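According to my numbering, the sequence shown is numbered sequentially starting from 94. Where a beta carbon is used, it is the ideal one built from N, C-alpha and C, also for glycine. All values reported here derive from a predicted model rather than from experimental measurement. Take a look at the structure below.
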Amino acid sequence: MTLTEQEKRARRLKTNLFLLALGYLLFAFVTLHISNAFINIEIVDLESINKATENAFQHMQNKPIFIPTKQSLKHLLFFSVFYFVMVAYYLTTRKKFMAGKEHGSAQWASKNEIKQLIDENDDKNVIFTQTERMSLDTRKTGKNLNMLIVGSPGTGKTRYFAKPNILQANTSFVITDPKGELLRDTACFLIEKGYRLKVFNLIEMEYSDGYNPFEYIKQERDVLIVIDVLIKNTTPEESKSYDPFWEKAEIAFLQALMFFIWYELPKNEQNFATMLELLRKAEIREDEEDYESDLDLIFKQLAREKPDHIALKQYAIFKQAAGKTAKSILISAGVRLSVFNIQALADLTSHDTLELETLGDEKTALFVIISDSISTFNFLVTMMYTQLFHTLYHAADFKYEGRLPYHVRFILDEFANIGQIPEFDKLVGTMRSREVSVSIIIQNIAQLSNLYENSWETIIGNCDSLLFLGGKDWNTLEYISKALGEETIDAVVYNKTKEPRWQFSTSINYDILARELMKPDELGRMPNSDCVLLIRGLNPFYSKKFKLESHKNYKYLYDSSDRYYFDYRNVRGVKSYKRGEFASEPWFEHEDDFFREKSLTGDHAKMQHLTRRLLKVDKK
């Protein structure tokens, strides 16, 4: 077993103390016997000294244990002081030589170093490379399962990392899947393994499971989190330097709407489309300060019935803005929510079938399909991930006494496209004990530092593993090179000096130098089949990327056979898989059911009547 540096120092200290004690016992033994032999010398000459020395060694052999005299003990005390003075002198003046490590001790790990982390049952491992794996049991390994995977396009982040780990089928999965490639290629296999499939599809929304953020609001704090995610991920970068007053007032207004919907409207009306309908009822007339809009009347009636309502408090903050300012705030909020005018998005968020709270209860695979070129709807992905993390934390802490029954693993491909998850650095640092982990897949370090400007180093620090698949971004290459460390190498310097009369003298000098284990340019030239793996507490590994074809379950991938092609457009939430072939089920048994459903979906015309009925608003 490989020891940590602290354990090595503790072991060396124990050894040194033992040797010091043993040395003193031997010193005291010899001193007492010699002192006993020299006490009776009357005339000090060479002959008497030799005889006393001979008597001392005979005394050691014949009578090793004896009762020393007072004079012998005095001699021992005197020489003991001398002994410890010499030991102290040695300890304070000795040099610390590290032969071969003067400038650094970095070295490539051997194949045996990873063995301590590998589970004997290969199905219970996560896959890094062709030769390196790590057990899912974090209590056994002492390492978390958070990973950072870095590789430029074409280095095989999906083929060499994502797919092999999905084929392990040993956890629940939450998979960011740009373009739906992983769903298409692996879903049939996962169904065969007994997985429930969930699909959150923001490219073809009509084929997505429903996701309603209101479904996961359990307390008032959750409303604040949802609005925070909405604001941060729908505010253009160039607008973030403006006066924060506008943003704070808009936040208060949106919180007021959400609190009102969550507390006062029935379950089937709690969604973002309803929120947009309420926003449309707000109106500001700059030339009429006393004008009351439909939304003002709704909150006025609420004030009569529930004067301490939190929605009223937030609405009052918004109403402090002057007419022109308030109008600008309304426009900003309207633009922010305008995406919910798209019927497909309104339908998707009007109900919930993702059942995020169940991901740790049984093996489930949630595929999150997003566009890798258009980020318009990605704020909703960020919102879903934020609520999912908090939902899993709550389930682990209050339902399962700290640990989920099934480990939930996030494979976050194209992580930079997801958006900014609030306090993600803290989540990464606390999820290990709850059986949750993240695999963050990025193209270069800059993507992470741009997204999490103040916490990207903390996020990397909370990932015990870093897999570099290749790339040419210089900052990334320098970062990996520094992380690998420096080694000490020998150098030979030849000097040739020309002397008079065409004579030459040659000298050879030897030196030791520091050198990076791999320089940035060497990392940039690394063959596409190779990779570098860093695991906390171990030497770095230079290995071959995992060969997907070598996995025992490769035959169940669409890569292997067309029969495992998964067509999510032709199946419902409940899916069947029989005899190696996928049996699809139609969305609706009859076309009439389909058109009837479509005609009812998204009909919010009754909203005005509903609010009047609930709050008894008299427009007169």
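Quick check on this structure: which residue in the options has the alpha carbon closest to the alpha carbon of residue i?
i, options, result
"Glu-274", "Gly-287, Ile-296, Ala-262", "Ile-296"
"Phe-659", "Ile-259, Leu-238, Arg-277, Leu-184", "Arg-277"
"Glu-382", "Lys-393, Ala-419, Glu-370", "Ala-419"
"Leu-184", "Leu-169, Ile-207, Gln-151, Leu-106", "Leu-106"
"Phe-307", "Tyr-300, Leu-447, Ser-173", "Leu-447"
"Lys-610", "Lys-575, Ser-464, Gln-348, Gln-99", "This sequence places Leu at residue 610; Lys is not what is there. Nearest C-alpha to Leu-610: Lys-575."
"Gly-512", "Asn-543, Phe-503, Ile-538", "Asn-543"
"Ser-552", "Ala-539, Ile-284, Leu-520", "The question names Ser, but residue 552 is Ile in the sequence shown. Comparing Cα positions, the closest option is Leu-520."
"Ala-199", "Tyr-649, Arg-662, Glu-579, Arg-656", "Glu-579"
"Leu-260", "Asn-237, Lys-217, Leu-169, Ser-548", "Lys-217"
"Asp-506", "Arg-662, Lys-272, Thr-108", "Lys-272"
"Glu-455", "Thr-279, Lys-208, Leu-290, Pro-633", "Leu-290"
Is it true that the CB of residue j sits closer than 9 Å to the CB of residue i?
i, j, result
"Asn-621", "Gly-116", "no"
"Asp-490", "Arg-525", "no"
"Ser-653", "Thr-224", "no"
"Ile-344", "Ser-532", "no"
"Asp-270", "Ile-534", "no"
"Leu-559", "Leu-627", "yes"
"Asn-364", "Ala-439", "yes"
"Glu-299", "Ile-324", "no"
"Lys-538", "Asp-566", "What sits at residue 538 in the sequence shown is Ile, not Lys. Going by C-beta atoms, Ile-538 is nearer than 9 Å to Asp-566."
"Leu-650", "Phe-392", "no"
"Thr-479", "Ile-268", "no"
"Tyr-253", "Leu-641", "yes"
"Lys-311", "His-487", "yes"
"Leu-473", "Tyr-304", "yes"
"Ala-426", "Leu-390", "no"
"Phe-62", "Gln-540", "The chain is shown from 94 up to 713; residue 62 falls before or after that span and cannot be answered."
"His-483", "Tyr-647", "no"
Using the Cβ count rule (16 or more neighbours within 10 Å means buried), how would you classify residue i?
i, result
"Met-179", "exposed"
"Phe-266", "buried"
"Leu-166", "exposed"
"Arg-672", "Here Arg-672 scores only 34 on pLDDT, less than 50, and its place in the model is too uncertain to base an answer on."
"Ala-103", "exposed"
"Ala-415", "exposed"
"Ser-530", "buried"
"Leu-110", "exposed"
"Thr-251", "buried"
"Val-428", "exposed"
"Gly-247", "exposed"
"Asp-380", "exposed"
"Ser-431", "exposed"
"Gln-99", "exposed"
"Ser-643", "exposed"
For residue i and residue j, what's the separation of their Cα atoms in angstroms?
i, j, result
"Lys-360", "Asp-302", "18 Å"
"Phe-293", "Arg-397", "41 Å"
"Pro-329", "Phe-352", "26 Å"
"Lys-492", "Gly-453", "11 Å"
"Phe-460", "Asn-568", "32 Å"
"Phe-221", "Lys-399", "57 Å"
"Lys-612", "Arg-496", "42 Å"
"Asp-655", "Pro-337", "54 Å"
"Arg-226", "Met-619", "21 Å"
"Arg-502", "Ala-409", "43 Å"
"Lys-638", "Met-240", "16 Å"
"Ser-245", "Cys-624", "12 Å"
"Tyr-572", "Phe-561", "11 Å"
"Phe-171", "Lys-101", "36 Å"
"Asn-214", "Gly-522", "28 Å"
"Tyr-545", "Ile-403", "32 Å"
"Leu-485", "Asp-557", "21 Å"
"Gln-730", "Trp-549", "Residue 730 lies beyond the range of the chain shown here (94 to 713); nothing can be said about it."
"Pro-515", "Asp-321", "8 Å"
"Ser-421", "Asp-315", "26 Å"
"Ile-424", "Glu-370", "14 Å"
"Tyr-499", "Ser-228", "15 Å"
In this structure, what does DSSP give as the bridge partners for residue i?
i, result
"Met-227", "Val-219"
"Cys-624", "Ser-636"
"Lys-412", "Bridge partners of Lys-412: none, in fact."
"Asn-294", "Ile-462"
"Thr-269", "Val-461, Leu-505"
"Gly-235", "Bridge partners of Gly-235: none, in fact."
"Gly-563", "Gly-244"
"Val-529", "Val-501"
"Ser-558", "Met-240, Ile-628"
"Ile-534", "Ile-242"
"Arg-289", "Thr-457"
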